[in-house]
Amino acid sequence: MVLFLGMVRRGEFESLQKQGLPLGILVDTNSKARLGDVSQFVVVERFDFSRPLPELIAAVRGIQERFGIGCLFNVIEFYVAQTADVAAALGLPGISPASARLCLDKNVMRQRFQERIGPGAAARFHVIHSESELIQFADQLGYPCFLQPSNVSASMWATRNTGSEMLLQNYRAMLSEVPKYYERLGKPGASLSVVLAEYLEGSNISIDCLMDNAGRVYTTPAVEVLTGKDVGIDDFHHFARLLPPRLSAKEKAELDGLAVAGVQALDMTTSAAHVEFIGSRLGEIAARPGGNRPRILEMAYGIDMLHAYYQILCGESPDLRGDRNYAAAVVTPFAPTNGTLRSIRYLDRLAELPGYLYHEVRAQPGQAVGLAKNGFRAGLYIELLSEDAEVVRRSVEQIAEWSDLYEVE
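In my numbering, each residue's number is its place in the sequence shown (first place is 1) plus 10.
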C-alpha cells in the first residue's frame, strides 16, 4: 500500500488509483486543507500530528502490521520532516531526515548553494534575530530587500521592502502572526526563523525533479509562474502556473543543470523535489512535488509524475514520458484585500473563457480572506487547457483583469 501522511488533495493521488495501487492515508486532525475524495482508499485513519514523533511512528507501524506499506507518500511541506523520520524508523524508502531538514530551512539551504555551487547561485542573505540586525543587514544588502520566514510555504508572509519603516512593520507582523499560524496547524512548538535576502529580479520558473537512491536526478519540464506582482498586486502568491513557459532552449537547459546541482547540493536521494528559480538563480528547493505540478504536467503533456515518484520510492527507474503537447494553466486568484468574504463574482463567466476546463471554490462567505503575505490562501482554483498557448494566456489575463473578483468587507 501507498500511505499518505498528513493530507492529500485533489490532483495528488488519482493517477495512482488509475494504476491500481492500493492507497491509504493517515489524516492530520489539525489540517484545515480540503481533503480529496479518499472514499476508495483502503485505509483512512486520523492522527494528531502535533503529538510526539514516537506516537506517530507507532501509529504508522500499526497500519504497516495490519495492511503492509510499500512506501510513504508526502505532498505537503509541513509533513516533510515527519515523513522522513517515520520512513527511517520503519525501514521504508525515502529521503534521509538530515537532507529533509536541509530543505526546510531556507537559511541553511542558501548557504549550501553558495558553498557547493558558487557564491552567485542564490541570493545573498542574512538570518535575523533582532530589529537592530534587521536594519543593519538591510543597509548592507540595499533596498529593496526580501523578507520571509524560513520555514513556511506558498510565499506566506513574504514581502518586498523598499525602506526601513516598511521592513520593520512587516518584521513585527511576522513575529506576531506566524506563531499563531503554527498553532492553527497544530504545531505550537515550531520555532520561527526569519531570513532577509537580496531582492532578485527576473521571471519565476520551477522545475520538479525525482532523485533515485543512487542520487541520479530526473527533471520534468519547466513551469512558468505568474505571481501577484506580475498581475499588479503587492504580493508574491502564485497567481498562475503556465505551460509551456516562455523560455529558450538554452535557458531551459541552463535551468535544468542548475536544478540538478541544487538537489545534489542538498544530498537529496529517493525523493521528489520542487526547485524554484528567480531569473537564472536558485530560489529554494522543497522535498516534495510542487503544489499543482503533477496536475499541470498531466494536463499539458500526459506526464504521470506521481506514479514516477512511486517508481523512485520502489527502486525503479521513473517513467516521465508524455503522450501529448498542449498548453495549460492552473490559476489561483487571491483576494487583494484582507477582510470577510461576501461573495466571489464572475463564476458564471469562467465556463465561457476559452480553454476553460474546471474550477473549484475554496472560500465560503463569512470566511476571512486576503493575501499570502498576511497568511491567507487562494479562495478559487481554475484549470485551463488548449492546443494554443496564446488562448490559455489570454484567459489568464482576463481573470487577472477581474480586480473585483472577491467581494470583501
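Beta carbons are placed, not taken as given, at the ideal position from N, Cα and C, and that holds for glycine.
- Rounded to the nearest whole angstrom, the C-alpha separation of P64 and G80 is 20 Å.
- In the DSSP assignment, G72 falls within the alpha helix (DSSP H) that extends over 63-77.
- Within the DSSP secondary-structure output, S216 pairs in a beta bridge with V233, E286.
- Between R352 and the set G376, T342, L367, V371, the nearest pair of CA atoms involves G376.
- For G267, the enclosing alpha helix (DSSP H) starts and ends at 259-275.
- M11 is the residue among P364, M11, K42 whose C-alpha sits nearest the C-alpha of G34.
- In its chain, beyond the 5 residues on either side, G312 have a beta carbon closer than 6 Å to the beta carbon of D333.
- If you draw a 10 Å sphere on the C-beta of S140, you find fewer than 16 other C-beta atoms in it, and that means exposed.
- For D149, the enclosing alpha helix (DSSP H) begins and ends at 141-151.
- Just measuring C-alpha positions, the residue of G365, A339, R387 sitting nearest V233 is A339.
- Excluding its 5 nearest sequence neighbours in each direction, D314 has C-beta neighbours in its own chain below 7 Å: S25, E308, listed in chain order.
- DSSP, reduced to helix, strand and coil, places F386 outside both helices and strands of the structure shown, so it counts as coil.
- A94 is the residue among L144, A94, S203 whose C-alpha sits nearest the C-alpha of T279.
- In this structure, the straight-line span from the alpha carbon of Q179 to that of A388 is close to 24 Å.
- Check the Cα spacing between L206 and each of G300, E143, R76, D398: the tightest is with E143.
- Counting only runs of 3 or more residues that sit fully inside the segment 317-403, the beta strand (DSSP E) segments are 337-341, 349-354, 366-371, 390-396, in chain order.
- Residue range 303-311 is occupied by the alpha helix (DSSP H) that includes L307.
- Around the C-beta of C324, fewer than 16 other C-beta atoms lie within 10 Å, and the residue is accordingly described as exposed.
- Contact check between the segment 213-223 and the segment 268-286: three or more CB pairs, one atom from each, fall below 8 Å, which counts as touching.
- Judged by DSSP secondary structure, E417 falls within the beta strand (DSSP E) whose first and last residues are 416-418.
- In this structure, H284 places its C-beta atom within 7 Å of the C-beta atom of G300.
- Shown here for N335: same chain residues with a beta carbon closer than 7 Å to its own, the five before and five after excluded, namely Y311 in chain order.
- F147 and L276 have their C-alpha atoms some 26 Å from each other.
- Under the DSSP assignment, Q158 falls in the beta strand (DSSP E) whose first and last residues are 155-159.
- Here the segment 64-77 does not lie against the segment 246-258, with fewer than 3 beta-carbon pairs under 8 Å apart.
- When rounded, the separation of the alpha-carbon atoms in P231 and V406 is 20 Å.
- Excluding sequence positions up to five before and after A108, its CB lies within less than 8 Å of the CB of D277, all in the same chain and listed in chain order.
- Distances from the CA of L357 to each of Y416, S396, L195 were compared; the closest alpha carbon is that of Y416.
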